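Undergrad:
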Amino acid sequence: DQQVKQNSPSLSVQEGRISILNCDYTNSMFDYFLWYKKYPAEGPTFLISISSIKDKNEDGRFTVFLNKSAKHLSLHIVPSQPGDSAVYFCAAPGGNTPLVFGKGTRLSVIA
Amino acid sequence: DSGVTQTPKHLITATGQRVTLRCSPRSGDLSVYWYQQSLDQGLQFLIQYYNGEERAKGNILERFSAQQFPDLHSELNLSSLELGDSALYFCASSVVSVNTEAFFGQGTRLTVV
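Residue numbers (the working numbering), protein chains in the order written: chain A, 324 to 434; chain B, 1484 to 1596.
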């Protein structure tokens, strides 16, 4: 049973536009969420996190929104740049599992 | 550079063999995690150690084992290897063991032939 779901395997966005990556979770006990970015042949890199006491967290071009009632979070990248092309993973610490990851969304930013 | 070092970067071995993957965590991090990423799959949690003790266990096969040594480096042992064990194996570390970001190494790509 997947507790963290990223239903879009891929997303293409024009350079300069907004990228919106979505993530849904099933476990209402999750209270902390993270986004990781992964380039080919590299390990995942921590990008941004949000605690369930907030509904928004911003860091430069990256903003994460959390909708607890819908068990949904999203990562917004504005403006998108070609260097943002990577696989993005949503993750949450869950019970006996330190970090439960979604399957990832591959973002392609087209120049 | 995350500060987490994994060796080797690549490993090719035959079915039935045994291999050891090594991880050195970031300086000061007490927690070490092992994850497996197979083709088109997300990151599957295998096992976590905290300050030398096993803290959490995920979908780790009985043929796999791990340990964390007094100097906090960790090793993941994979035995009786099967073709399906071919994957990227990532090690991550963090200061504490819950509700915190983990920092990942570059991974070991294991190919079983």
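Think of the CB as a built atom: it goes at the ideal place given N, C-alpha and C, for glycine as much as any other residue.
No experiment lies behind these values; they were computed from the predicted model shown.
1. Considering only C-alpha positions, which residue in the set TYR411(A), SER403(A), ILE400(A) and LYS377(A) is nearest to TYR362(A)?
2. Which same chain residues, not among the five before or five after GLN1589(B), have their C-beta less than 7 angstroms away from its C-beta?
3. GLY406(A) by DSSP, collapsed to three states: which one?
4. Considering only residues of the same chain and omitting the five flanking positions on each side of ASN345(A), which have a CB-CB separation below 6 angstroms?
5. Counting along the chain, where does the beta strand (DSSP E) carrying TYR348(A) start and finish?
6. By how many angstroms is the C-alpha of LEU1522(B) removed from the C-alpha of SER1569(B)?
7. Among all the DSSP beta bridges, which residues are the ones paired with THR420(A)?
8. Quick check for students: name the residue ranges of the beta strand (DSSP E) that lie wholly in the region 1528–1560 of chain B, counting only runs of 3 or more.
9. Report the neighbours of GLU1584(B) on chain A: residues whose CB is nearer than 8 angstroms to its CB, in chain order.
10. Can you tell me whether LYS1540(B) is buried or exposed, with buried defined as 16 or more other CB within 10 angstroms of its CB?
11. Anything in chain A within Cβ reach of TYR1516(B), meaning under 8 angstroms, just list it in chain order.
TA: Checking against the coordinates, here is how it stands:
1. TYR411(A)
2. GLN1489 and LYS1492
3. helix
4. SER397
5. 342–348
6. 9 angstroms
7. GLY417(A)
8. 1536–1540 and 1547–1551
9. LEU357, PHE369 and SER372
10. exposed
11. PRO421 and LEU422
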